[in-house]
Amino acid sequence: MRDSFVYLDHAATTPMRPEAIQAMTAQMAVIGNASSLHTSGRVGRRVVEESRETIAQALGARPSEVLFTSGGTESDNLAIKGTFWARRDADPRRVRLLVSTVEHHAVMDCVDFLEAHEGAKVSWLEVDHLGRVHPETVRMAIEADPESVALVSVMWANNEVGTVQPIAEIAAVAHEFDIPVHSDAVQAAGQIEVDFARSGLDLMSVTGHKVGGPQGVGALLARRDATLVPLTHGGGQERQIRSGTLDVPAIRGFAVALSCATANLAVEAERLVALRDKLIRGAQDAGFGIRVSGDWEPGDGGRRLPGNAHLLVPGCDGDSLLYLLDAAGVECSTGSACQAGVPQPSHVLLAMGMPEHQARGALRLTLGHTSTEVDVDAFLVALPAAVERAQRAQVATSTQVATSARDTSKEKTR
Amino acid sequence: MRVVAAMSGGVDSAVAAARMLDAGHEVVGVHLALSQNAATLRESARGCCTIEDAGDARRVADMLGIPFYVWDMAARFKVDVVEDFIAEYSAGRTPNPCLRCNERIKFAALLNKAVALGFEAVATGHYAQIVETASGARELHRAVDMFKDQSYVLGVLDEDQLARSFFPLGDTAKPQIREEAAARGFYVAAKPDSHDICFIPDGDTRTWLTARLGEQPGRIVDADGATVGGHAGAYAFTVGQRRGLHLGQPAAGGEPRYVVEVQRSTNTVVVGTAELLGVDVLTGDHARWCGPPPEGVVSVGAQVRAHGEEVPARAWADGARVEVRLERRIRGVAPGQSVVLYDGTRVVGSATIAKATLSRPSGAWIGSPA
Numbered sequence: 091m092r093d094s095f096v097y098l099d100h101a102a103t104t105p106m107r108p109e110a111i112q113a114m115t116a117q118m119a120v121i122g123n124a125s126s127l128h129t130s131g132r133v134g135r136r137v138v139e140e141s142r143e144t145i146a147q148a149l150g151a152r153p154s155e156v157l158f159t160s161g162g163t164e165s166d167n168l169a170i171k172g173t174f175w176a177r178r179d180a181d182p183r184r185v186r187l188l189v190s191t192v193e194h195h196a197v198m199d200c201v202d203f204l205e206a207h208e209g210a211k212v213s214w215l216e217v218d219h220l221g222r223v224h225p226e227t228v229r230m231a232i233e234a235d236p237e238s239v240a241l242v243s244v245m246w247a248n249n250e251v252g253t254v255q256p257i258a259e260i261a262a263v264a265h266e267f268d269i270p271v272h273s274d275a276v277q278a279a280g281q282i283e284v285d286f287a288r289s290g291l292d293l294m295s296v297t298g299h300k301v302g303g304p305q306g307v308g309a310l311l312a313r314r315d316a317t318l319v320p321l322t323h324g325g326g327q328e329r330q331i332r333s334g335t336l337d338v339p340a341i342r343g344f345a346v347a348l349s350c351a352t353a354n355l356a357v358e359a360e361r362l363v364a365l366r367d368k369l370i371r372g373a374q375d376a377g378f379g380i381r382v383s384g385d386w387e388p389g390d391g392g393r394r395l396p397g398n399a400h401l402l403v404p405g406c407d408g409d410s411l412l413y414l415l416d417a418a419g420v421e422c423s424t425g426s427a428c429q430a431g432v433p434q435p436s437h438v439l440l441a442m443g444m445p446e447h448q449a450r451g452a453l454r455l456t457l458g459h460t461s462t463e464v465d466v467d468a469f470l471v472a473l474p475a476a477v478e479r480a481q482r483a484q485v486a487t488s489t490q491v492a493t494s495a496r497d498t499s500k501e502k503t504r
Numbered sequence: 005m006r007v008v009a010a011m012s013g014g015v016d017s018a019v020a021a022a023r024m025l026d027a028g029h030e031v032v033g034v035h036l037a038l039s040q041n042a043a044t045l046r047e048s049a050r051g052c053c054t055i056e057d058a059g060d061a062r063r064v065a066d067m068l069g070i071p072f073y074v075w076d077m078a079a080r081f082k083v084d085v086v087e088d089f090i091a092e093y094s095a096g097r098t099p100n101p102c103l104r105c106n107e108r109i110k111f112a113a114l115l116n117k118a119v120a121l122g123f124e125a126v127a128t129g130h131y132a133q134i135v136e137t138a139s140g141a142r143e144l145h146r147a148v149d150m151f152k153d154q155s156y157v158l159g160v161l162d163e164d165q166l167a168r169s170f171f172p173l174g175d176t177a178k179p180q181i182r183e184e185a186a187a188r189g190f191y192v193a194a195k196p197d198s199h200d201i202c203f204i205p206d207g208d209t210r211t212w213l214t215a216r217l218g219e220q221p222g223r224i225v226d227a228d229g230a231t232v233g234g235h236a237g238a239y240a241f242t243v244g245q246r247r248g249l250h251l252g253q254p255a256a257g258g259e260p261r262y263v264v265e266v267q268r269s270t271n272t273v274v275v276g277t278a279e280l281l282g283v284d285v286l287t288g289d290h291a292r293w294c295g296p297p298p299e300g301v302v303s304v305g306a307q308v309r310a311h312g313e314e315v316p317a318r319a320w321a322d323g324a325r326v327e328v329r330l331e332r333r334i335r336g337v338a339p340g341q342s343v344v345l346y347d348g349t350r351v352v353g354s355a356t357i358a359k360a361t362l363s364r365p366s367g368a369w370i371g372s373p374a
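Sequence order for the protein chains is X and F. All you need for my numbering is the position in the first sequence, starting with 1, plus 90. All you need for my numbering is the position in the second sequence, starting with 1, plus 4.
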């Protein structure tokens, strides 16, 4: 069964690219702590620095701006906590964080922590019905009290609905007030063009496993003038900002994968847009009133991530759909964060103004470098039966319905 | 058969899932998330429905090689079980939330969702047996292990629910289940049993209720109506309770005193000697039958608490109402408790006790039985 499964959850993690596996596994056989001074150490250091250069080049940054971390969550934490503490130390008035309402939990929970324990004040930047933050919203939030702002953080592209934010414009607004800007570009890097220098950002998070590299490695891109208080203290690696022995093989795999992803980006994006459009159209035509959320324009890969399809299926619980599609060999996601495996109503969809009952029927399908038309077709074949069943299941478990098993059998024969 | 194995993360449901798989069924593991804040880690050995429990269940499913999902029924559980529990106590009754959960969550919301998703049945780790009769009917029976028997909390299941239920552990004693779990390599084999009420992790029902219902100070009186003490809320007292009364002075005769009645209308707790606790007539409502409802007066065994003893009785059902006449007096029966009726090892059905009284010698049946 496993050999015929359809993987449509590339936003969660995408298969490692063969080039990255090869580079990484080869490196695993080579000894070398990149901080050691002897020959083996220098060999490891060289791999790290070459990888740093590759990553910098792929993302429009300077090598010295790349700080290796364990992944997106750590990069977000380092950017936000590190900047908050550094900026507040320099001026105690700076305690305000301007953060969008559609951020990943790695940003949101980090901000919540600072608010609960470090006296931070959070100004949430609202989004429109497409999930987009307007630069004017940022301006208004800053102008309320510019001196108090420690940091602005807005993600480059949303992990659930794929909406791409006007990052350069947001950064430009903040810079009028000399306020640093961070962006979580975990979903954007390798999918759309991401140029750190041109964006004007001060800080940007990326991770290996969303671009076909290994899990457990990522980077924070930090301008050289960005001041960050470290979260981990120790050997002083990574500009004294992120101590800890560098994971040389993983870093190598990450760099190779990112370089593959960006080398072919325009062509691949066009391919994914075509697949995505076919998937969305097919789902809409399936006859269940399925709608697409976020900013979808057929043929466009700039306002919405090329590989992202986010569907709203009426009368269904996303987790029922997920189970039924999984049983049919199609792997996807409800798109929202989980607690103990329980999908919660998505804060992103709620922030976009969607009513909770509609948000419950969310299904996220994300395409990536291994996706083909066969995957899209298989999903479209499996969809109708899954929706019919999931709609019955929601009726069966709705609180308004009587509770005996008999009622379900009636439901079935109706 | 396509079966959902309800997996709590404990040893029993783990073995139940394994046995269903061994029996050749197509099994999918489902953990019910019932807590509104599932983010809590285990608070004590008693707690359940924590992230740790979900993780334990997931690990067992991994070992069995079956798919595993968490279904969120917290909202439903809150309304049907937790709020019902609070309302019952608030009304001066003593409910058993496990029965409610089985009736409305595990063998209703979960079962119905499973059926709607294409499954044919739900299997749980309850200690009880289903016996299929010659005519194909499925009867609910006590487990072989009388110490673990959980047929009492399943006495609310009707024929349709039983037709879609499996209890694979009913033929085995608990120590053997632990051995089997160990032999199967489940690291939950030695996990402590869950006790008491899952949504009150520290087991302190009175404090938990007070936090939700607020303090409602009132009087504690004796059988003659004389005030003998005070309390912070009559809802927190249960008929038959002896401890926690904090009465200033002992009774005249020096005998221990028990709660004999909780009067919610006046927020008064009545205490008296053990003598006053004896009852032999139970009037119940909300009758649930595990098979065809009994006709006329039937001889049964009656059990009023999960691990209480069974008392010979005669019962008569009239729609949702049931009257049970016990052959001897029993003590400490509180309204709100369930009485489960047995015919041998077979569970006949159950009712929620509305009134527990002492018969008068010539007392007539409610209504007019033949």
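Think of the CB as a built atom: it goes at the ideal place given N, C-alpha and C, for glycine as much as any other residue.
{"query": "Under 9 Å from the C-beta of Arg479(X): neighbouring residues of chain F", "result": "Ala120, Leu121, Gly122"}
{"query": "Alpha helix (DSSP H) runs contained entirely in the region 278 to 333 of chain F, provided each spans 4 or more residues", "result": "none"}
{"query": "Chain X contact residues for Asn100(F), given Cβ-Cβ distances below 8 Å", "result": "Chain X residues near Asn100(F): none, gap ~17 Å exceeds 8 Å."}
{"query": "Residue closest to Gly174(F), alpha-carbon to alpha-carbon, out of Leu166(F), Val135(F), Tyr131(F), Arg309(F)", "result": "Tyr131(F)"}
{"query": "First and last residue of the uninterrupted alpha helix (DSSP H) at Gly134(X)", "result": "129 to 148"}
{"query": "Below-8 Å beta-carbon distance, Leu415(X) vs any chain F residue", "result": "no"}
{"query": "For Glu109(X), three-class secondary structure by DSSP", "result": "helix"}
{"query": "Buried/exposed call for Ile181(F), threshold 16 Cβ in 10 Å", "result": "buried"}
{"query": "Residue range of the unbroken alpha helix (DSSP H) whose run includes Gln133(F)", "result": "Per DSSP, Gln133(F) belongs to no alpha helix (DSSP H); it is in the beta strand (DSSP E), 132 to 136."}
{"query": "Amino acids of chain X, ordered along the chain, whose beta-carbon sits closer than 8 Å to that of Tyr191(F)", "result": "By Cβ distance, chain X contributes nothing, its closest Cβ being about 19 Å from Tyr191(F), past 8 Å."}
{"query": "For Arg184(X), the three-state DSSP class (helix, strand or coil)", "result": "coil"}
{"query": "Short-range partners of chain F found in the region 382 to 409 of chain X, where Cβ spacing is below 8 Å", "result": "Asp409"}
{"query": "Residue-level contact to chain F via CB, Ala483(X), 8 Å cutoff", "result": "yes"}
{"query": "Gly375(F) in three-state terms, based on DSSP", "result": "Chain F is shown from 5 up to 374; residue 375(F) falls before or after that span and cannot be answered."}
{"query": "Buried versus exposed, by CB contacts within 10 Å (16 or more), Gly96(F)", "result": "buried"}
{"query": "Inter-residue CB distance, Arg146(F) and Gln133(F) (contact presumed, cutoff 8 Å)", "result": "7 Å"}
{"query": "Cutoff 8 Å: Lys195(F) Cβ touching any chain X Cβ", "result": "no"}
{"query": "Buried/exposed call for Arg178(X), threshold 16 Cβ in 10 Å", "result": "buried"}
{"query": "Anticipated Cβ contact below 8 Å, Ala345(X) with Thr144(X), distance rounded", "result": "4 Å"}
{"query": "Partner residues on chain X for Lys117(F), Cβ-Cβ distance less than 8 Å", "result": "Ser410, Ala483, Ala486, Thr487"}
{"query": "Nearest-angstrom beta carbon gap, Val217(X) and Ser190(X) [assumed within contact, 8 Å]", "result": "6 Å"}
{"query": "Test item: CB-CB of Glu80(F) and Ala113(F) under 8 Å", "result": "It should be pointed out that residue 80(F) corresponds to Arg in this sequence rather than to Glu. Result yes, Cβ atoms of Arg80(F) and Ala113(F) sit closer than 8 Å."}
{"query": "Environment of Thr424(X) [buried if 16+ CB atoms lie within 10 Å]", "result": "buried"}
{"query": "Where the region 71 to 82 of chain F meets chain X: residues whose CB sits under 9 Å from a CB there", "result": "Pro71, Phe72, Tyr73, Val74, Trp75, Asp76, Met77, Ala78, Ala79, Arg80"}
{"query": "Sheet register partners of Lys359(F) (DSSP bridge)", "result": "Thr287(F)"}
{"query": "C-beta contact flag for Gly33(F) and Ile70(F) at 8 Å", "result": "yes"}
{"query": "Three or more C-beta pairs below 8 Å linking the region 452 to 464 of chain X and the region 105 to 124 of chain X", "result": "yes"}
{"query": "Among Asp367(X), Leu415(X), Gly343(X), nearest to Gly306(X) - alpha-carbon criterion", "result": "Gly343(X)"}
{"query": "Through-space distance from Tyr413(X) to Gly188(F), alpha-carbon basis", "result": "First, the residue type needs correcting, since residue 188(F) is Arg and not Gly in the sequence shown. Straight-line Cα distance between these residues: approximately 27 Å."}
{"query": "Contact set for Gly252(F): own chain, Cβ-Cβ below 7 Å, skip 5 residues either direction", "result": "Gly233"}
{"query": "Of the residues Gly150(X), Leu98(X), Ala278(X), the one placed nearest Asn249(X), counting alpha carbons only", "result": "Ala278(X)"}
{"query": "Cβ neighbour criterion (16 or more within 10 Å) applied to Thr382(X)", "result": "The residue you asked about is not Thr; residue 382(X) is Val in the sequence shown. With 16 or more other Cβ atoms within 10 Å, it is buried."}
{"query": "Identity of the residues DSSP links to Phe158(X) by a beta bridge", "result": "Ala309(X)"}
{"query": "Which of helix, strand or coil DSSP assigns to Val64(F)", "result": "helix"}
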